[in-house]
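Written below as structure tokens is the structure these notes are about.
Number of protein chains: 2
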Amino acid sequence: MADKRKWVRMSEVAAAAKVSTMTVSRVLRAPGKVRPETSSRVEAAIRKLGYVPDEAAGALSSRRSRIIGALVSTLGGSFFASTVDGLSQTLREAGYQLLLATTNYTPEIEDDSIVAMLAHRPDGLVLTSTQHTDVAHRRLKRAGIPIVELWELPDAPIDSAVGFSNRAAGKAMTEFLAGAGHQRIGFIGRSARYDKRGQMRRAGYTDALDDRRLHDPRVVAVAGRGDDQSVGAVGLADLLARWGDTTAMFCSSDSVALGALSEARRRGLAVPEDVAIAGFGDFEMASENGLALTTVRVPGFAIGEEAARLLLQRGNGQASGRQVIDLGFEIVRRRTA
Amino acid sequence: MADKRKWVRMSEVAAAAKVSTMTVSRVLRAPGKVRPETSSRVEAAIRKLGYVPDEAAGALSSRRSRIIGALVSTLGGSFFASTVDGLSQTLREAGYQLLLATTNYTPEIEDDSIVAMLAHRPDGLVLTSTQHTDVAHRRLKRAGIPIVELWELPDAPIDSAVGFSNRAAGKAMTEFLAGAGHQRIGFIGRSARYDKRGQMRRAGYTDALDDRRLHDPRVVAVAGRGDDQSVGAVGLADLLARWGDTTAMFCSSDSVALGALSEARRRGLAVPEDVAIAGFGDFEMASENGLALTTVRVPGFAIGEEAARLLLQRGNGQASGRQVIDLGFEIVRRRTA
DNA sequence: TTGAAAGCGTTACCAA
DNA sequence: TTGGTAACGCTTTCAA
Numbered sequence: 002m003a004d005k006r007k008w009v010r011m012s013e014v015a016a017a018a019k020v021s022t023m024t025v026s027r028v029l030r031a032p033g034k035v036r037p038e039t040s041s042r043v044e045a046a047i048r049k050l051g052y053v054p055d056e057a058a059g060a061l062s063s064r065r066s067r068i069i070g071a072l073v074s075t076l077g078g079s080f081f082a083s084t085v086d087g088l089s090q091t092l093r094e095a096g097y098q099l100l101l102a103t104t105n106y107t108p109e110i111e112d113d114s115i116v117a118m119l120a121h122r123p124d125g126l127v128l129t130s131t132q133h134t135d136v137a138h139r140r141l142k143r144a145g146i147p148i149v150e151l152w153e154l155p156d157a158p159i160d161s162a163v164g165f166s167n168r169a170a171g172k173a174m175t176e177f178l179a180g181a182g183h184q185r186i187g188f189i190g191r192s193a194r195y196d197k198r199g200q201m202r203r204a205g206y207t208d209a210l211d212d213r214r215l216h217d218p219r220v221v222a223v224a225g226r227g228d229d230q231s232v233g234a235v236g237l238a239d240l241l242a243r244w245g246d247t248t249a250m251f252c253s254s255d256s257v258a259l260g261a262l263s264e265a266r267r268r269g270l271a272v273p274e275d276v277a278i279a280g281f282g283d284f285e286m287a288s289e290n291g292l293a294l295t296t297v298r299v300p301g302f303a304i305g306e307e308a309a310r311l312l313l314q315r316g317n318g319q320a321s322g323r324q325v326i327d328l329g330f331e332i333v334r335r336r337t338a
Numbered sequence: 002m003a004d005k006r007k008w009v010r011m012s013e014v015a016a017a018a019k020v021s022t023m024t025v026s027r028v029l030r031a032p033g034k035v036r037p038e039t040s041s042r043v044e045a046a047i048r049k050l051g052y053v054p055d056e057a058a059g060a061l062s063s064r065r066s067r068i069i070g071a072l073v074s075t076l077g078g079s080f081f082a083s084t085v086d087g088l089s090q091t092l093r094e095a096g097y098q099l100l101l102a103t104t105n106y107t108p109e110i111e112d113d114s115i116v117a118m119l120a121h122r123p124d125g126l127v128l129t130s131t132q133h134t135d136v137a138h139r140r141l142k143r144a145g146i147p148i149v150e151l152w153e154l155p156d157a158p159i160d161s162a163v164g165f166s167n168r169a170a171g172k173a174m175t176e177f178l179a180g181a182g183h184q185r186i187g188f189i190g191r192s193a194r195y196d197k198r199g200q201m202r203r204a205g206y207t208d209a210l211d212d213r214r215l216h217d218p219r220v221v222a223v224a225g226r227g228d229d230q231s232v233g234a235v236g237l238a239d240l241l242a243r244w245g246d247t248t249a250m251f252c253s254s255d256s257v258a259l260g261a262l263s264e265a266r267r268r269g270l271a272v273p274e275d276v277a278i279a280g281f282g283d284f285e286m287a288s289e290n291g292l293a294l295t296t297v298r299v300p301g302f303a304i305g306e307e308a309a310r311l312l313l314q315r316g317n318g319q320a321s322g323r324q325v326i327d328l329g330f331e332i333v334r335r336r337t338a
């Protein structure tokens, strides 16, 4: 194993450069405030000794940790991975670090994780869950740091939010389908318990139907925690069993759409001729050379970037206050609808 | 904006419970060493005041940050997301936090990120890249903390490693295909620059061919950074253009296989009757109700869990030294080959 | 432009 | 079982 090396301290760098620790500190944090010659002497010493500043000590002293915490339900489900990529990339460029915790859709874990994050005194916090317990809410408010909720536009945000309206997106896709001539449109998703945002998209689906006086909702909500593909496959089966004349179906995610697509194929149904199938998310697999899936593109990466920017500018004192930023979405027409 | 609240300090808790800060500290870190009555008085004070310990201060004093750093090229590509989930979950259960940085496959960013992580004095570091610059290597060795490399079994690990042999996996799948009667097997992947691990799988493919005296390698290495589906689609096209009688193709990932699958369909080729197609990774989309793709299942989540365990037990002084843990892989036969 | 001293909030160490 | 004191490595603040 590697040796238990003692880290080089700032005072050692200072000694080597024949200056005080304050000067070293300034060279690192505010280079403009140090005479160039002094600066380069210090920099030489830093390089020579391989000095790596201790951020924890700096944080303790300055009360700024340069850490942003992020709570994500899971990275596996295709939705949040790109957001975390965007966050991480933007934060890194600004010299900040990302502390990540996954909550596995469990409120108690989220509560505990919030405390665990706060223990590191982050300069900001990012949340992807839609609902928080009362304790969580109170703790977050009390923390006195910027909070950004992602992937939704909450009616009552804790602080700020960056996302888009899942409901509007659901409505837009349904209108696209109706506009393409479909009169009997179904919706396939999970039951509410495991997919709050899917429910919002479904609400949008209903909105569109109502608007068009197409009062014929055909919703299949698959229960349980099976994988998305199974949801799509049994969803299509159920939908057709109950409403055999359905001509289009809107799936609550691209991976659900994949399941529906493969079940349709199994049944010898042509897509989009016999049934049109639309997804949600524009995951990589939906691309032209993949499933060529008609879907809703959502700005996952951009949400991460924007959240980071918001947090950073707030950290710089540009306390622009609460903001709810709508990054929109886009219907992507490909070949399944 | 939320108020600039001052955090409750341990000394305030101590005062409220009429004990010293050391006793509070013990209640938190070593509850066994405090008399039960004292303990509950302290706990009451903690709850009443809403005290959240400052980990940064604790880390400074104890020289243990309870932070593990992770460097990942990207979360978007389906491969590492589940590993980070596994890491994060296991670490959380042990009271550790995960500091995450994405390197975007860029060595310079990786080098900078290593320094940025070390600045937080993590108790361990996890890497998913296969190659590191010399500076990186030296810095990591000097850091004197446990390092775990993931998703491969390096010949010369920096410290420990958890993964499986990409080469053996590539060989196994090729043998599976040959065993199913295929004599003319192709390989579709990216050029080495953007996919080192794919190259190892390809080496395994060649190994298998050599073993079987099938000296007829048919490799298409698609250049550029296009998405995986395009790689698969142009890969299949190229492969068939150069070796029209190919009966099976092994794709370097499931998403590449999806591209090949859709190109095959476009050409009216039946899978697996006209061409068999195999993937790698067993991503969610490969499932029975999805693509029903024959593929290689790799233990992504388990790699994260195991890495966390390794790091944690090392942190507890059980310095079991360098280890290279092979978590294996598994051929999953579904319906495309 | 530079430096000295006093913390920041915790835990290690030793004593009671 | 509990407590006092001295770090931990940096930055703030104020002075030179």
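So the sequence lines, in the order shown, correspond to chains A and B. Letter by letter, the first sequence follows residues 2 to 338 of my numbering. Letter by letter, the second sequence follows residues 2 to 338 of my numbering. Just so it is clear, CB atoms sit at the ideal spot from N, CA and C, and this is done for glycine as well.
When the five nearest sequence neighbours on each side are left out, the beta carbons in the same chain lying within less than 8 Å of the beta carbon of Ser-40 (chain B) are those of Val-28, Pro-32, in order along the chain. In this structure, DSSP gives Asp-208 (chain A) a helical state, which the three-state scheme calls helix. Gly-171 (chain B) sits in a helix when the DSSP states are folded into three classes.
Nearest Cα to Trp-8 (chain A) within the set B:Ile-110, B:Leu-128, B:Ala-144: B:Ala-144. Under the three-state reduction of DSSP, Gln-314 (chain A) is assigned to helix. In the structure shown, Phe-177 (chain B) adopts helical secondary structure according to DSSP, grouped into three states.
Neighbours of Met-286 (chain A) in chain B, taken as residues at a C-beta separation under 8 Å, are given in chain order as Gln-230, Ser-256, Leu-259, Met-286. With its beta carbon at least 8 Å from every one in chain B, Pro-300 (chain A) lies outside the interface.
Rounded to the nearest whole angstrom, the CA to CA distance from Val-235 (chain A) to Leu-294 (chain A) is 19 Å.
For Thr-75 (chain B), there is no enclosing beta strand (DSSP E), as DSSP marks it with neither H nor E.
If you check each beta-carbon in the region 118-132 of chain B against every beta-carbon of chain A, the ones closer than 9 Å belong to Met-118, Leu-119, Ala-120, His-121, Arg-122.
Nearest C-alpha to Thr-131 (chain A) among A:Ile-146, A:Asn-167, A:Gly-51: A:Asn-167.
Gly-187 (chain A) and Gly-227 (chain A) have their C-alpha atoms some 20 Å from each other. For Gly-205 (chain B), no CB of chain A lies under 8 Å from its own CB, so it is not counted at the interface with that chain.
A distance below 8 Å separates the beta carbons of Arg-335 (chain B) and Glu-289 (chain B).
Ranked by Cα distance from Thr-84 (chain A), the first of A:Ser-256, A:Pro-300, A:Ser-254, A:Ala-265 is A:Pro-300. Within 10 angstroms of the beta-carbon of Ser-21 (chain A) lie fewer than 16 other beta-carbons, which makes it exposed.
For Thr-296 (chain B), DSSP records a beta bridge to B:Val-333.
Spatial neighbours of Gly-171 (chain B) in its own chain (CB-CB distance under 7 Å, excluding positions within 5 residues in sequence) are listed in chain order as Met-201, Arg-202, Arg-203, Ala-204, Gly-205, Tyr-206. Chain-order list of chain B residues neighbouring Thr-103 (chain A): Asp-86, Ser-89, Gln-90, by C-beta distance under 7 Å. For the region 112-192 of chain B, the continuous beta strand (DSSP E) assignments of 3+ residues that do not extend past its boundaries occur at 125-128, 148-151, 161-164, 186-191, in sequence order. In the DSSP assignment, Leu-259 (chain B) falls outside any beta strand (DSSP E) and lies within the alpha helix (DSSP H) extending over 255-267. Close CB contacts of Trp-244 (chain A) within its chain, under the 8 Å cut and outside five residues either way in sequence, are with Arg-185, Gly-187, Arg-219 (chain order). In the structure shown, Ala-18 (chain B) adopts helical secondary structure according to DSSP, grouped into three states.
Pro-158 (chain A) and Leu-151 (chain A) have their C-alpha atoms some 10 Å from each other. Residue environment analysis places His-183 (chain A) among the buried positions, since at least 16 neighbouring C-beta atoms fall within 10 angstroms of its C-beta. Under DSSP, Asp-229 (chain A) shares a beta bridge with no residue. Put simply, of A:Leu-119, A:Thr-248, A:Val-73, A:Phe-80 the residue whose alpha carbon is nearest the alpha carbon of Asp-229 (chain A) is A:Phe-80.
In terms of Cα proximity to Arg-198 (chain A), the closest of A:Arg-36, A:Leu-50, A:His-138, A:Ser-74 is A:Ser-74. Proximity of Ser-263 (chain A) to chain B, defined by a Cβ-Cβ separation below 8 Å, is satisfied.
When DSSP reads this structure, Met-250 (chain A) sits in a beta bridge with A:Gly-187, A:Ile-278. Rounded to the nearest whole angstrom, the C-alpha separation of Ser-253 (chain A) and Asp-55 (chain B) is 42 Å.
The residues Ala-162, in chain order, have a CB closer than 7 Å to that of Pro-155 (chain A) in the same chain once the five nearest residues on each side in sequence are set aside.
Annotation: Asp-327 (chain A) is outside any alpha helix (DSSP H); the continuous beta strand (DSSP E) that includes it extends over 325-327.
Boundaries of the alpha helix (DSSP H) around Val-43 (chain B): 37-50.
For Ala-95 (chain B), there is no enclosing alpha helix (DSSP H), since its DSSP letter is neither H nor E.
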